[in-house]
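Going left to right, the sequence shown walks through residues 49 to 316 as my numbering numbers them.
For each residue, glycine too, the CB sits at the ideal point set by N, CA and C.
Remember, predicted model here, so these are calculated numbers, not experimental data.
What follows is a short report on a single structure.
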Amino acid sequence: MSSRKPVTLHRLREMHTTGEKIAMLTCYDAAFARVLDQAGVDVLLVGDSLGNVLQGRPSTVAVSLQEMAYHTACVARGNSGAWIIADMPFGSYQETAEAAMRSAALLMQQGAHMVKLEGGGWTAPTVRFLVDRGVPVCAHLGFTPQSVHALGGPRVQGRDEGSARTLRCHAEELAAAGASMLVLEMVPAVFARELTQSLSIPTIGIGAGAGCSGQVLVLHDMLGLAGGEALRFVRNFLDGGGGIEQAVTTYVADVKGGRFPIDAVHGF
Ligand code: KIV
Numbered sequence: 049m050s051s052r053k054p055v056t057l058h059r060l061r062e063m064h065t066t067g068e069k070i071a072m073l074t075c076y077d078a079a080f081a082r083v084l085d086q087a088g089v090d091v092l093l094v095g096d097s098l099g100n101v102l103q104g105r106p107s108t109v110a111v112s113l114q115e116m117a118y119h120t121a122c123v124a125r126g127n128s129g130a131w132i133i134a135d136m137p138f139g140s141y142q143e144t145a146e147a148a149m150r151s152a153a154l155l156m157q158q159g160a161h162m163v164k165l166e167g168g169g170w171t172a173p174t175v176r177f178l179v180d181r182g183v184p185v186c187a188h189l190g191f192t193p194q195s196v197h198a199l200g201g202p203r204v205q206g207r208d209e210g211s212a213r214t215l216r217c218h219a220e221e222l223a224a225a226g227a228s229m230l231v232l233e234m235v236p237a238v239f240a241r242e243l244t245q246s247l248s249i250p251t252i253g254i255g256a257g258a259g260c261s262g263q264v265l266v267l268h269d270m271l272g273l274a275g276g277e278a279l280r281f282v283r284n285f286l287d288g289g290g291g292i293e294q295a296v297t298t299y300v301a302d303v304k305g306g307r308f309p310i311d312a313v314h315g316f
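So this is what it looks like as structure tokens:
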């Protein structure tokens, strides 16, 4: 049982305001939830990346709402102090705002404190609908894995002026619609830093450089368990020994101390 005060939305906002970096990791079960919570990870993301790392699928597209609900409940049982975000899987929020509300309600009933959905533009009214009904929402822009086929693979987004302008506009719309947090995936470090400085809500980077308000990695990537060649923005925190608890403790310390990520090594 972790002895810290539970992380709340208020606390996350305070961290953003005071400049304390937010340490987030993905988590899919109770055993890891306990380890991550005790190591001081601020936010556990029940990511639909479980489709890749747990189910061995090539993408997140086939992950179902029922699977997300199951893993969210597992994580909630192992956690006591971290903030829990659950991913809304592909197909569970695109159709109507009402469908999104039903999906979000199920995930929150399993223990999520916030839900995350991917994309900008068309998502802003859905975010507003959820927020007005008491659902804290994290948005996700840049490379959005559920759109992997539409985007032509895991590519850096926002490299040219036009697409950077669109991303910025989407980020501002989502913040105005009430999103409380924004994940930025695979965008240039300079762009993410500038956007973070101008937005009122915290940004959480993954392949978005050191200038974000916090960082997230897929747990299996940062423990070197994912197989294959690691993406540029991944660091294996288990390298050099020390065990899983030490790896997670080092991750938290390095995110908060500004030692991870390093733009020149992990950025685009
Ligand atoms: O599903 C996931 O793990 C995510 C992260 C890559 C941010 O959405």
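VAL313 - DSSP class collapsed to helix/strand/coil: Looking at VAL313 - three-state DSSP - the assignment turns out to be helix.
First through last residue of the alpha helix (DSSP H) which encompasses ASP302: 291 to 304 is the span of the alpha helix (DSSP H), which, as asked, contains ASP302.
Heavy atom of the ligand KIV within 7 Å of ASP96 beta-carbon: Because some heavy atom of the ligand KIV lies under 7 Å away, the Cβ of ASP96 counts as near it: yes.
Residue nearest to ALA117 in terms of C-alpha spacing, selected from GLY104, LEU93, GLY129, PRO106: If we check each option's Cα against that of ALA117, LEU93 comes out closest.
Residue from GLU293, SER261, ASP269, GLY291 with nearest C-alpha to ARG61: A check of alpha carbon separations from ARG61 across GLU293, SER261, ASP269, GLY291 identifies SER261 as the nearest.
Residue from GLY315, GLN194, MET149, GLY159 with nearest C-alpha to THR174: Taking only the C-alpha atoms, the option nearest THR174 is MET149.
Per-residue burial, GLY169 [other beta carbons within 10 Å of its own, 16 or more giving buried]: The residue is exposed, with fewer than 16 neighbouring Cβ atoms inside 10 Å.
contact_flag[the region 284 to 292, the region 93 to 113] where n(CB pairs < 8 Å) is 3 or more: At 8 Å Cβ cutoff, the stretches do not touch.
Inter-residue CB distance, PRO236 and PHE316 (contact presumed, cutoff 8 Å): Contact annotation, PRO236 with PHE316: C-beta distance approximately 5 Å; criterion of less than 8 Å satisfied.
Three CB pairs or more closer than 8 Å across the region 132 to 142 and the region 155 to 167: Short answer: they touch.
Counted within 10 angstroms of its Cβ, other Cβ atoms place HIS30 as buried (16 or more) or exposed: With the chain represented from 49 up to 316, any question about residue 30 goes unanswered, as that position is not in the structure.
Among ILE70, ARG82, GLN86, LEU265, the one whose alpha carbon lies nearest that of MET229: If we check each option's Cα against that of MET229, ILE70 comes out closest.
Own chain partners of GLY206 with C-beta closer than 7 Å, once the 5 adjacent residues on each side are dropped: Closer than 7 Å at Cβ, skipping near neighbours: GLY190, ALA212, LEU215, VAL235, PRO236, PHE239.
Residue range of the alpha helix (DSSP H) that includes ASP85: Where ASP85 is concerned, the enclosing alpha helix (DSSP H) stretches over 78 to 86.
Counted within 10 angstroms of its Cβ, other Cβ atoms place ASP85 as buried (16 or more) or exposed: Buried, because 16 or more other Cβ atoms sit within 10 Å of the Cβ of ASP85.
Short Cβ contact (8 Å threshold) for VAL300 with VAL89: Yes, the pair counts as a contact, with Cβ atoms nearer than the cut-off.
Candidates GLY306, VAL313, ALA274, of which the one nearest SER97 by Cα: Ranking GLY306, VAL313, ALA274 by Cα distance to SER97 puts ALA274 first.
CYS217 versus LEU247: straight-line alpha-carbon distance, rounded: If I take the Cα positions, the gap works out to 11 Å.
CA-to-CA distance, GLN114 to GLU233, given in whole angstroms: One alpha carbon belongs to GLU233, the other to GLN114, and they sit about 25 Å apart.
Nearest-angstrom Cα separation, counted from LEU155 out to GLY126: Using only the alpha carbons, I get a separation of about 16 Å.
Cutoff 8 Å; reference LYS304; Cβ partners in own chain excluding five residues on either side: Excluding sequence neighbours, LYS304 sits near GLU68, LYS69, ALA71.
Assigned exposure category for ASP269 - 16 Cβ within 10 Å defines buried: By the neighbour-count criterion, in which a residue is buried when 16 or more other Cβ atoms sit within 10 angstroms of its Cβ, ASP269 is buried.
Euclidean distance between Cα positions of ALA256 and ARG203: About 12 Å.
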